[in-house]
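In our numbering, the protein residues as written are 1 to 276.
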């Protein structure tokens with residue numbers, strides 16, 4: 001038991017510097033102009049959600065606060081903030097290269113709904129299952145917890161594969177070695193993020209729920225840091241190549257308008273979108 005508690009202490013105090021580094025990284029790298037830059041806001045919310053969630057996981061796990069409905073719902077508040085923002089960060093960088101901005105809005109709404117439904121189900125059944133107050137909730141959560149992690153892993157994989165494919169297609173005509181290296185590195189970072197999901201899925205079938213719970217505390221800050229590295233990769237690569245993104249409104253025949261994200265080469269860099 002002592003070794004398990006020591007593991008919980010170690011994991012929590014290891015995760016704190018990671019989350020602090022993520023917050024500092026966002027503060028230094030991205031201007032806090034929330035009117036036109038939603039990326040730093042979403043990243044900060046994700047970091048805060050993880051910190052809030054992990055603090056209550058740690059406090060209940062080592063016995064600092066009672067294992068009760070309030071503490072479990074507090075954990076879920078942080079978890080919801082994290083999941084509702086992290087996957088939109090991935091979608092945000094992919095949507096930079098989509099010409100149709102309506103597609104981005106539709107995907108964003110669908111993503112909010114899908115993750116929101118998952119979080120509502122977790123909110124209803126997970127606390128009761130953890131406290132053992134409802135036999136049906138225990139049985140349902142045993143199945144849904146595995147299904148939830150698989151769905152989130154598949155969603156993460158789909159978004160990252162979409163990004164790598166779109167980034168490769170978007171930059172293929174530029175024939176710039178920097179972009180080719182960026183594509184390979186982005187694929188490596190995406191695989192590393194999926195490795196965190198694989199770790200969670202593997203421990204989920206283990207015999208120690210304490211270690212499984214605290215694995216979230218170390219795996220999800222790593223995923224957030226990997227996402228920040230991916231953002232820096234795109235930013236530095238595009239800056240180094242002399243390319244720029246511009247958002248143009250194109251009016252079709254009949255008066256219908258659409259936003260398009262365009263890239264041009266050989267022009268000075270100018271940041272004017274929601275991401276960079």
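C-beta: ideal position from N, C-alpha, C; glycine also.
Going by alpha carbons, who is nearest to residue i out of the options?
i: residue 126; options: 79, 207, 55; result: 79
i: residue 123; options: 196, 219, 71; result: 71
i: residue 145; options: 91, 69, 209, 66; result: 209
i: residue 76; options: 229, 128, 158, 135; result: 128
i: residue 277; options: 55, 107, 110, 163; result: There is no way to answer for residue 277, as the model of the chain reaches only from 1 to 276.
i: residue 213; options: 111, 221, 222, 200; result: 200
i: residue 229; options: 91, 186, 64, 215; result: 186
i: residue 92; options: 57, 133, 43, 130; result: 43
i: residue 190; options: 215, 202, 226, 141; result: 226
i: residue 164; options: 63, 95, 64; result: 95
i: residue 120; options: 141, 102, 98, 192; result: 141
i: residue 168; options: 98, 64, 24; result: 98
Would you say residue i and residue j are within 9 Å of each other, going by their C-beta atoms?
i: residue 194; j: residue 231; result: no
i: residue 155; j: residue 82; result: no
i: residue 85; j: residue 45; result: yes
i: residue 151; j: residue 68; result: no
i: residue 19; j: residue 59; result: no
Hey, how far is the Cα of residue i from the Cα of residue j?
i: residue 61; j: residue 16; result: 16 Å
i: residue 198; j: residue 158; result: 15 Å
i: residue 166; j: residue 233; result: 15 Å
i: residue 34; j: residue 40; result: Interpretation of residue 34 is limited by its pLDDT of 43, a score under 50 that renders its predicted location unreliable; the figure taken from the coordinates is listed afterwards. Taking the straight line joining both Cα atoms gives about 8 Å.
i: residue 180; j: residue 170; result: 11 Å
i: residue 252; j: residue 106; result: A caution first: residue 252 carries a pLDDT of 40, below 50, which makes its placement in the model too unreliable to give a value.
i: residue 139; j: residue 204; result: 15 Å
i: residue 113; j: residue 224; result: 21 Å
i: residue 161; j: residue 104; result: 16 Å
i: residue 66; j: residue 52; result: 16 Å
i: residue 89; j: residue 22; result: 14 Å
i: residue 137; j: residue 148; result: 15 Å
i: residue 50; j: residue 111; result: 19 Å
i: residue 183; j: residue 38; result: 24 Å
i: residue 74; j: residue 57; result: 9 Å
i: residue 115; j: residue 215; result: 21 Å
Where does the unbroken alpha helix (DSSP H) through residue i begin, and where does it stop?
i: residue 98; result: Neither: residue 98 is in no alpha helix (DSSP H) and is coded neither H nor E.
i: residue 134; result: No alpha helix (DSSP H) holds residue 134; DSSP gives it neither H nor E.
i: residue 44; result: 38-61
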